[in-house]
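Trainee: Convert by adding 2 to the 1-based position in the sequence shown; the result is the number in the working numbering.
Note that the Cβ used here is the ideal one computed from N, Cα and C, for glycine as well.
None of these values were measured; they are calculated from a predicted model.
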Amino acid sequence: MKFSNRLFLYGPFGLVVALGLAVAIHWWIEAGAWGARIAALNNREIAPGITLHYKTSKVGGFPFRYDTTFTGFRLSLAGPRALSWSAAEFAMHRLSYGSSKYVFEAGGKQTLSWKDGDGASRQFSFLPGSIRADAIIAEGRLARFDMVLVAFDSASATAARIETHLRHDPLADALQAVTFAQALTTKTGAKPTDPHITISVTAARALNGLLSGQQDWRAAAEHWRKAGGEIRLISPNAEGIDVSGTIKLDPSHRLTGVLPPPFADTGAKRAPLY
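So, in structure tokens, the structure goes:
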């Protein structure tokens, strides 16, 4: 066989092998660096005012994804309310090359913990069939967030499905979000409802530092308050669950306005958020 023929025969195969090796080397280097970074961030701030805690972590997904899985996962928010969210299992996924989209999954028991306006510790636990969310980063900040929770079950209520979708309003300086549930049923035996709540956060540009992970949430909240920001809640299809109203922060960092349950009855108006 002539050299030119062998070149045409083996050249493409060699190119594929070389590309495969390049992908493998890139993945192992990047995954190793990412794994080391995750290990270094345990029990430390991953963004100003937000601390990551976990028991174990593992990086996989070779060769085209980075799959990071955690057990005993918890995020805590600095401040007097001591807000935290914990999940028995948590996973984050992204493509190895140039993707601005991140996918998150959570499983097992989920717990929200906080201190109310009277300083008493409170928590809300629930067990989902699945939680899946994705976030899109554009221009260095969060541009869109979507979350779907299936088979929600708690001591006080159940739901077949709960969804939340957040984006930037293209026509105004605002964040727009919608949350709705299917077959939401309280344990009191009330008829199932399908509530639909629209949320508008005005003066959204004041929150860019927070959405880019560069500013402590308390500093961002103060900037937003001084910019005249407010949260507008509308429940056009609440079916007996009325959470319509406007929420603001006063100069003492207390919530003012019409607060929906469960915040209205937990001393939320009597103590500052930060």
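1. Mind the definition here: the segment 76-85 touches the segment 48-60 only if three or more C-beta pairs lie below 8 Å; say whether that holds.
2. DSSP three-state label for Glu-232, please.
3. Verify whether the separation of the beta carbon atoms of Ala-205 and His-170 is less than 8 Å.
4. Closest by CA to Arg-134, which one among Ser-123, Asn-210, Val-150?
5. Using only the alpha-carbon positions, how far apart do Gly-63 and Thr-70 sit?
6. Going straight from the alpha carbon of Ile-233 to that of Thr-248, what length do you get?
7. Can you tell me which residues form a DSSP beta bridge with Ala-140?
8. Would DSSP call Ala-122 helix, strand or coil?
9. Hey, how far is the Cα of Asp-120 from the Cα of Tyr-68?
10. Residues in its own chain within less than 6 Å of Ser-156 by CB, not counting five upstream and five downstream?
11. Measure the alpha-carbon distance for His-28 versus Leu-43 and round it to whole angstroms.
12. Inspect the beta-carbon positions of Ser-115 and Ser-158 and report whether they are closer than 8 Å.
13. Please report the residue range of the alpha helix (DSSP H) in which Gly-63 lies.
14. Can the beta-carbon of Thr-160 be found closer than 8 Å to that of Thr-195?
15. Using a 10 Å radius around the Cβ and a threshold of 16 neighbouring Cβ atoms, would you call Ala-24 buried or exposed?
16. If the criterion is Cβ atoms closer than 8 Å, does the pair His-167 and Val-180 meet it?
17. Looking only at its own chain, which residues have a Cβ that is under 8 Å from the Cβ of Leu-235, when we skip the five neighbours before and after it?
18. Would DSSP call Arg-220 helix, strand or coil?
19. How many angstroms separate the CA atom of Pro-253 from the CA atom of Gly-231?
20. In chain order, what residues of the same chain lie with their CB nearer than 7 Å to the CB of Ser-214, ignoring the 5 residues before and after it?
21. Just verifying my parser: in three-state terms, what is the DSSP assignment at His-225?
22. What did DSSP end up calling Ala-157 once you bin it into helix, strand or coil?
23. Return the bridge partner residues of Arg-96 from the DSSP annotation.
24. Tell me which same chain residues have a C-beta within less than 6 Å of the C-beta of Pro-274, skipping the five on either side of it?
25. Can you tell me whether DSSP reads Arg-256 as helix, strand or coil?
26. Express the C-alpha separation of Leu-251 and Thr-258 in angstroms, rounding to a whole number.
Mentor: Result, derived from the coordinates:
1. yes
2. coil
3. no
4. Val-150
5. 8 Å
6. 6 Å
7. Arg-143
8. coil
9. 43 Å
10. Phe-128
11. Confidence at His-28 is low in this model, with a pLDDT of 44, below 50, so the placement of that residue is unreliable and no value is reported for it.
12. no
13. Neither: Gly-63 is in no alpha helix (DSSP H) and is coded neither H nor E.
14. no
15. Residue confidence for Ala-24 is low, a pLDDT of 46 falling below 50, so the modelled location carries little weight and cannot support an answer.
16. yes
17. Ile-199, Thr-200, Ile-201, Val-245, Ser-246, Gly-247, Thr-248, Ile-249, Val-260, Pro-262
18. helix
19. 12 Å
20. Gly-142, Arg-143
21. helix
22. coil
23. Tyr-68
24. Ser-254, His-255, Arg-256
25. coil
26. 6 Å
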